[in-house]
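Chemist: Each residue of the sequence shown is one higher than the one before, counting from -8 in the working numbering. Take this structure, written in structure tokens, and hold onto it; I'll ask about it next.
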Amino acid sequence: MIDFTSIFTVILVILIVLWILASSIRVVKEYERAIVFRLGRLIGAKGPGLIFRIPIVDSLRVIDLRTVTFDVPRQRIITRDNITIEVDAVAYYRVADPVKAVVTIKDYIMATNLLGQSMLRDLLGQFELDEILARREELGKKLTELLDIATDPWGIKVTSVTIKDIVLPEVMLRAIAKQAEAERERRSRIILAEGELQAAKKMTEAAEMYAETPVALRLRELQTLAEIAREKNLIVVTPTATHGELVALVKATQAKSESQ
């Protein structure tokens, strides 16, 4: 006669053994670490690979060691020159010491996020608006350094904090636009003045040259007449005396050059 009670007992024992074996084995990935507690006491970090634990007695908490990004929500900040701006940022961090991240703080993710918001407000509030706009990258590096130091006791390594957007009040945007327009106008006036100065210098040099060589002045006059005639499709007739005067001027100029 088949003893169903014995068969049931054997099956139950096999199932319990399989459950114990399944509960005792855990595969930890390369980018993870398993923090093991035995009866509430810290044993340490294990992994990666296959690890064993005692069911019921041991408990695990798996920590991801990969770099994590979080967006710092837009913060309303009053600068040192009493201008209200809105700033948001993005932070990159990773767990450097998984044991500290589990033992020293309850929720390191939320704590790092909240601390980043607070430090962003505190740091930018120490500077004037012009400094914030001009030194955005430098302030991001400073914020990275401060946040990394503050989260080090939690086993967190902050690798980078980047200030993304700085939203200015509408009044300030209009003022900046007016300032930029005034700067462009100032530069255009400077360029125009420099052009006029160069033109005046060239005219002065030409006048001095014409004063020294009247022939050049007379030739220039004839060239101008020729250009006007060509543009207007005219025929310009010069007095015959002009030719004689021009020859005399050339001879006088040559004589002056030879005497020098």
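Using N, Cα and C, we set each Cβ at its ideal position, and we do this for glycine too. In this text, all values refer to a predicted model and were calculated from it rather than measured experimentally.
How long is the line joining the alpha carbons of Ser15 and Ile45, rounded to whole angstroms?
Modeler: 6 Å
Chemist: According to DSSP, simplified to helix, strand and coil, what is Glu136?
Modeler: helix
Chemist: In angstroms with no decimal places, state the Cα-to-Cα distance between Met101 and Val63.
Modeler: 11 Å
Chemist: With which residues is Tyr84 paired in a DSSP beta bridge?
Modeler: Val59 and Val149
Chemist: Along the chain, where does the beta strand (DSSP E) containing Glu23 start, and where does it finish?
Modeler: Looking at the DSSP string, the run of the beta strand (DSSP E) that includes Glu23 is Glu23 to Arg29.
Chemist: Please work out which residues of its chain come closer than 6 Å, Cβ to Cβ, to Glu77, disregarding the five sequence neighbours upstream and downstream, and give them in chain order.
Modeler: So the qualifying residues of the chain are Arg65, Arg67 and Val158.
Chemist: Can you tell me whether Arg24 is buried or exposed, with buried defined as 16 or more other CB within 10 angstroms of its CB?
Modeler: buried
Chemist: So Phe28 packs on Thr70, CB below 8 Å; how close in whole Å?
Modeler: Rounded, the Cβ-Cβ distance is 47 Å, inconsistent with contact.
Chemist: Do Leu134 and Val86 come within 9 Å of each other at the CB atom, strictly closer than that value?
Modeler: No, the pair does not count as a contact, with Cβ atoms beyond the cut-off.
Chemist: Closer than 8 Å is the cut-off here; do at least three beta carbon pairs connect the segment 144 to 157 with the segment 177 to 193?
Modeler: no
Chemist: Mind checking whether Val48 and Leu30 have CB atoms under 9 Å apart?
Modeler: yes
Chemist: To the nearest angstrom, how far is it from the Cα of Val94 to the Cα of Leu51?
Modeler: 13 Å
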